[in-house]
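Peer 1: Please read through the structure below; I'll follow up with questions.
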Amino acid sequence: MNNNQLIPNLFREEYSRIVAVLTKTFGFPNIEQAQDIASETFLKATETWGRKGIPDNPTAWLYKVAKNYALDYLKRERIFTEKISPILQESGEEKQQEEIDLSEDNIKDSMLRMMFAVCHPSISAESQIVLSLRVLCGFGVDEIATALLFTKSNVNKRLTRTKNTLKDIDFKVSPISPNEINQRIGGVLSTLYLLFNEGYFSTKSTEKIRKDLCYEAMRLLHIVISKEETNLPDANALMALFCFQASRFDARINHEGEQILYNEQDIDKWDDELIKKGEFFLYRSGNKKPTRYHIEAMIAFWHTRKNIGQSKKWENILQLYNRLLQMQYSPIVGLNRTYALAMVYGKEKALKEALKIKLEQNPLYYALLAELFKGIETKKHIECLKKAISLSLNGNDKLLLENKLKVASREQCS
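Printed below as a string of structure tokens:
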């Protein structure tokens, strides 16, 4: 692997680790300095490795340089003596300057603390995702803007506003108490769920799937379940859901980047290894008090069943959607349930249910109606396709719908 390939990969993996450890050391008010040190470390790597070649252990090289930059910063700003030392003495965590700990255990602990920091209840859900992508995933402002379809100005404003909020409440990246875990694990899991979904469904991007967002959500969730105190049933159920969904990545998109609908997918392209991992995490999640993550994971589980009759598969999926709606009503869940209803009881019964759902500004709603009207009322089938196209923000979705519209129009004329 050459520099052009290695450095971006390492940056994505190691930037957030360095920032998390240094923020834990310096305190959250100095997160910008931690980010600057991480960026300077990679700039140094680009310059040095370009002249001397890649070292045998590039990660160790990065950590050594980051430590040196951090110590220089502490000495230069006198921040350790004047600010950090009194705080650490109060909390009983005082360390010597040279003990900037970039061990694997401390990295995981720092990353976990940072997750609970960026998922603070005082921050909006969208801003939590923006800050997570920047701080925990190492995404640049341009990448975040592209992924979430925000302007760069909007991303910068959100980052500044969110960091200021955490500074104003004097937030500390401190050890997480059992009470804080109980209070805020829901917010952490919800942010990772939204991050994964933004990649998996990618309704705003020109790409149908942003695998990088999905894999970052999985990486962060793995840190959560690797720590005993946060290895909870909900977290395992969410990881099971991620694994089942990710197992069908390669089957969802063709070589031209066009979406392939579920019933048209090549099941040989499903990733059996990820399916097995999903089964493992689902088993580990237990089922004494199932949450929506458990139910959604079970729905995704049934979608990965290969050697089973379609009738049994969709009957189970329909029952699970019924249970999910009983937990908490959502029009999107209702929409998904309607498709399962059509698979079990036919389109006409599903149409009656679908028309009760009011999602007039959602392209998926009209895409589903178009599918249900197909073969029943051609005019309404075409009208719904046109409406779905007009509302869709995803280029590949538009292309799929436009191709369907061409076929429907030809059939109407023939």
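When we follow this note's numbering, the leftmost residue of the sequence shown carries the number 653, and every step to the right adds one.
Positions of the beta carbon are idealized from the N, C-alpha and C atoms, including for glycine.
Here the structure is a predicted model, which is why all the values come from computation and not from measurement.
1) Name, in chain order, the residues that DSSP records as bridge partners for glutamine 911.
2) Taking the runs of the alpha helix (DSSP H) that are 4 residues or longer, which of them lie wholly in the region 776-843?
3) Which whole-angstrom value describes the C-beta separation of leucine 764 and valine 673, a residue pair presumed to lie in contact below a C-beta threshold of 8 Å?
4) What does the alpha-carbon distance come out to for the pair lysine 1001 and phenylalanine 932?
5) At which residues does the alpha helix (DSSP H) containing cysteine 895 begin and terminate?
6) Would you kindly work out how many angstroms separate the C-alpha atoms of isoleucine 927 and leucine 1043, rounded to a whole number?
7) Which runs of the alpha helix (DSSP H) spanning at least 4 residues fall entirely within the region 951-1015, listed in chain order?
8) In this structure, does DSSP put proline 660 in helix, strand or coil?
9) Under 8 Å, do lysine 819 and serine 762 count as touching if we go by C-beta distance?
10) With distance defined between alpha-carbon atoms, name the residue in Val996, Arg810, Leu800 and Thr814 nearest to phenylalanine 848.
11) Confirm the yes/no value for this check: CB of valine 671, any heavy atom of the ligand MN, distance under 7 Å.
12) My output table needs one value for glutamate 1029: the three-state DSSP class, helix, strand or coil.
13) Between the beta-carbon of leucine 783 and the beta-carbon of tyrosine 845, is there less than 8 Å?
14) Distance check for proline 983 and arginine 989, CA to CA, integer angstroms please.
15) According to DSSP, simplified to helix, strand and coil, what is tryptophan 922?
16) Is the region 900-918 in contact with the region 877-884, if contact means three or more CB pairs nearer than 8 Å?
17) Can you look up isoleucine 631 in the DSSP assignment and give me helix, strand or coil?
18) Pick out whichever of Asn939, Gly792 and Ala1019 has its Cα sitting closest to the Cα of alanine 887.
19) Alpha helix (DSSP H) containing isoleucine 706: first to last residue?
Peer 2: From the atom records:
1) According to DSSP, which records beta bridges pairwise, glutamine 911 is partnered with Ile905.
2) Whole alpha helix (DSSP H) segments, 4+ residues: 777-783, 793-800 and 804-820.
3) Not confirmed; about 12 Å, so no contact.
4) Across the structure, lysine 1001 and phenylalanine 932 are spaced so that their CA atoms are roughly 36 Å apart.
5) Its alpha helix (DSSP H) spans residues 885-898.
6) Looking at the two C-alpha atoms, the distance is approximately 34 Å.
7) Assignment of alpha helix (DSSP H) within the region 951-1015, counting only whole runs of 4 or more residues, yields 962-979, 983-997 and 999-1006 in chain order.
8) Proline 660 falls in the helix class under three-state DSSP.
9) The Cβ-Cβ distance between lysine 819 and serine 762 does not fall below 8 Å.
10) The shortest Cα separation from phenylalanine 848 among Val996, Arg810, Leu800 and Thr814 belongs to Leu800.
11) As presented, the structure is devoid of all ligands, the ligand MN included, so that no description of it is given.
12) Reduced to three states, the DSSP call for glutamate 1029 is coil.
13) No.
14) Per the coordinates, the alpha-carbon of arginine 989 lies some 10 Å from the alpha-carbon of proline 983.
15) Of the three classes helix, strand and coil, the one that applies to tryptophan 922 here is coil, per DSSP.
16) Contact fails: fewer than three Cβ-Cβ distances are below 8 Å.
17) As displayed, the chain neither begins before 653 nor continues past 1066, which places residue 631 out of reach and without an answer.
18) Shortest Cα-Cα distance from alanine 887 to any of Asn939, Gly792 and Ala1019 involves Asn939.
19) Where isoleucine 706 is concerned, there is no enclosing alpha helix (DSSP H), given that its DSSP letter is neither H nor E.
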